[in-house]
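Below is one structure, written out as structure tokens; the observations come after it.
Numbering (full-length UniProt numbering), first residue to last: 1 to 580.
Structure below.
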């Protein structure tokens with residue numbers, strides 16, 4: 001009778017002392033696990049290679065602790081990324097006949113669907129059938145938008161903890177042409193597995209205590225219960241399960257009527273965006289500036305590097321296109337200039353000349369940003385609520401109207417830790433200090449309050465009515481500032497210091513935190529700071545300020561900034577000329 005090797009090994013182990021035999025068994029188990037792991041790695045490598053060969057647009061990327069496939073795209077917006085991942089799931093659910101409903105989730109970065117817990121196996125079977133060899137991932141959401149367990153479908157079986165989780169996020173990471181992740185797992189579509197209320201009662205008081213709506217047990221009969229809180233209710237009683245729908249990217253998604261409500265904290269009024277821009281390299285502009293240079297005061301207000309162009313406006317507009325879906329219309333205020341790459345006829349954007357907003361033609365040309373800011377509220381068609389940006393400010397992640405205004409219209413202003421200092425304005429000090437001190441004198445006389453702090457180099461929410469009120473109440477200093485061709489020590493700063501403090505003192509603004517980074521592009525650590533901005537997902541905006549770049553380094557700085565901006569914002573906005 002033949003005896004195989006495994007049987008012989010078992011017989012041999014019986015003859016060994018117990019401790020020796022146990023060590024041998026443990027060693028054998030380790031070898032088996034190692035062999036199985038190598039086989040899994042080989043199968044995963046083969047499946048990934050097949051995917052990469054079949055789809056040239058797919059690449060392997062690293063996202064934090066996770067490594068796997070993503071898809072290169074030719075355009076990116078945060079809204080488009082959310083909708084892309086929603087379609088990945090909805091298409092599968094529709095084809096499989098699995099019922100679902102849209103949930104008003106707590107994060108603006110992703111869509112959320114509700115699926116009954118009993119349909120979880122059907123969902124996973126259908127997702128496997130559709131996305132078996134693809135760049136789609138299934139992950140468990142962690143705290144604060146983080147990712148817990150993660151599995152890419154192409155790697156084979158999903159991790160056990162993913163398939164049993166109460167919430168699963170499905171996502172296809174989206175990549176820039178360079179391979180950098182622009183739309184990671186945070187933009188995935190979350191699927192929540194909802195339970196019948198009766199099942200919840202059977203799970204006992206501990207689970208019932210987790211329900212935010214504090215629903216009595218009798219009311220849970222026929223109800224649907226979410227595995228986590230959302231913006232409306234984690235319990236939908238039978239009486240509220242009224243079929244309705246929401247339209248997302250021209251697609252009708254079923255939901256329940258309560259999830260269609262406009263909530264009290266949602267901004268429903270229009271919000272526009274205003275830029276001020278000048279092409280300092282334009283020979284005509286340079287000639288006018290030189291002609292009036294004798295009027296410029298001593299100090300940093302008129303140094304040449306302030307007018308150097310690194311195409312900031314083009315890339316700032318790209319950042320708005322990527323990250324600010326709430327913007328109704330963009331206004332670019334210029335001095336009889338239009339960038340060669342900008343399409344002035346593109347929808348959603350208007351180029352506004354200084355002559356359109358300055359009533360006094362003798363105040364032009366002006367090279368004073370304070371003067372221009374004093375006239376922005378005269379832009380024809382501008383909404384009551386708007387956000388003002390310098391062209392050296394860039395959005396760094398998804399922004400909502402609610403990040404700048406409360407639903408009742410109050411502005412949320414970004415205070416800085418920097419201060420104006422005390423005493424009178426001093427010739428030669430930086431312009432924001434002297435302008436801030438002048439504003440302080442005006443407000444102290446009227447309100448008995450002393451202002452001390454500046455505001456960040458960030459997007460600034462503005463109320464058109466506040467600007468008009470300032471122009472009337474402080475007519476002489478505002479008019480004087482609007483007539484100054486260059487910054488002066490007797491200027492006021494209308495758009496930030498004056499608007500924000502006055503709105504705060506009259507109940508139309510509140511202080512609000514914002515996460516931003518300021519980079520002086522002429523500093524020795526600029527390269528390091530720019531590299532950090534390529535991968536950071538924790539800041540709202542950043543400013544690339546050219547304080548006073550020495551002439552001998554301007555070309556190198558220009559190349560550094562250009563390379564960074566092209567990598568950070570690689571996708572043309574709809575306001576650029578084709579091929580420009």
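The beta-carbon is built from N, C-alpha and C at its ideal position, and this holds for glycine as well.
Selection 400, 392 and 396 evaluated against residue 386 yields 400 as nearest (Cα-Cα). Only exposed fits residue 524, as fewer than 16 other CB atoms lie within 10 angstroms of its CB.
The three-state secondary structure of residue 406, taken from DSSP, is coil. Taking a contact to require three or more Cβ pairs closer than 8 Å, the region 457 to 464 and the region 493 to 512 qualify as touching. In the DSSP annotation of this structure, the continuous segment of the alpha helix (DSSP H) that includes residue 433 starts and ends at 431 to 447.
DSSP places residue 417 inside the beta strand (DSSP E), whose first and last residues are 415 to 419. Nearest Cα to residue 141 within the set 549, 133 and 162: 162. Excluding the 5 residues flanking it on each side, residue 455 has same chain C-beta neighbours closer than 8 Å at 413, 414, 415, 416, 496, 497 and 500, in chain order. The straight-line gap separating the alpha-carbon atoms of residue 528 and residue 519 is approximately 10 Å. For the pair residue 73 and residue 185, the CB atoms are not nearer than the 8 Å cut-off.
DSSP places residue 34 within a helical segment (H, G or I) once states are collapsed to three.
Here the alpha carbon of residue 534 sits roughly 43 Å from the alpha carbon of residue 31. Per DSSP, reduced to three states, the secondary structure at residue 209 is helical.
The three-state secondary structure of residue 82, taken from DSSP, is helix. Cβ-Cβ distances below 8 Å link residue 542 to 393, 394, 396, 516, 517, 518, 519 and 533 in the same chain, with the five nearest sequence neighbours on each side left out; the list follows chain order. The three-state reading of DSSP puts residue 59 in strand, counting E and B together. Residue burial annotation: residue 202 is exposed, with fewer than 16 other C-beta atoms found within 10 angstroms of its C-beta. Judged by DSSP secondary structure, residue 378 falls outside any alpha helix (DSSP H); it is assigned neither H nor E. For residue 353, the CB contacts under 6 Å within the same chain, skipping 5 residues up- and downstream, are 336 in chain order. Taking a contact to require three or more Cβ pairs closer than 8 Å, the region 214 to 226 and the region 192 to 200 qualify as touching. Where residue 516 is concerned, the enclosing beta strand (DSSP E) starts and stops at 516 to 520. Annotation: residue 75 to residue 272 spans about 23 Å, alpha carbon to alpha carbon. As computed with DSSP, residue 67 is found in a beta bridge with 62. The C-beta separation of residue 187 from residue 227 comes to about 21 Å, leaving the pair out of contact by the 8 Å criterion. Contact between residue 504 and residue 521 is ruled out by a C-beta separation of about 31 Å, above the 8 Å threshold. Relative to residue 261, the option among 102, 190 and 87 whose CA is nearest is 102.
If you draw a straight line from the Cα of residue 576 to the Cα of residue 231, it is about 37 Å long.
DSSP, read as helix, strand or coil, puts residue 323 in helix. Straight-line measurement puts the Cα of residue 212 at about 18 Å from the Cα of residue 263. Positions of the beta strand (DSSP E) runs, each at least 3 residues long and wholly inside the region 218 to 264, are given as 243 to 248 and 251 to 256 in order along the chain.
Residue 356 sits away from residue 277, with the two beta carbons spaced by 8 Å or more. Under the 10 Å beta carbon count, residue 70 is surrounded by 16 or more other beta carbons and is classified as buried.
The beta carbons of residue 266 and residue 407 sit about 6 Å from each other, so the pair counts as a contact at 8 Å.
Around the beta carbon of residue 121, fewer than 16 other beta carbons lie within 10 angstroms, which makes this residue exposed. Rounded to whole angstroms, the gap between the alpha carbons of residue 109 and residue 171 is 12 Å.
Residue 569 and residue 322 do touch by the CB rule: their CB atoms are close to 7 Å apart, below 8 Å.
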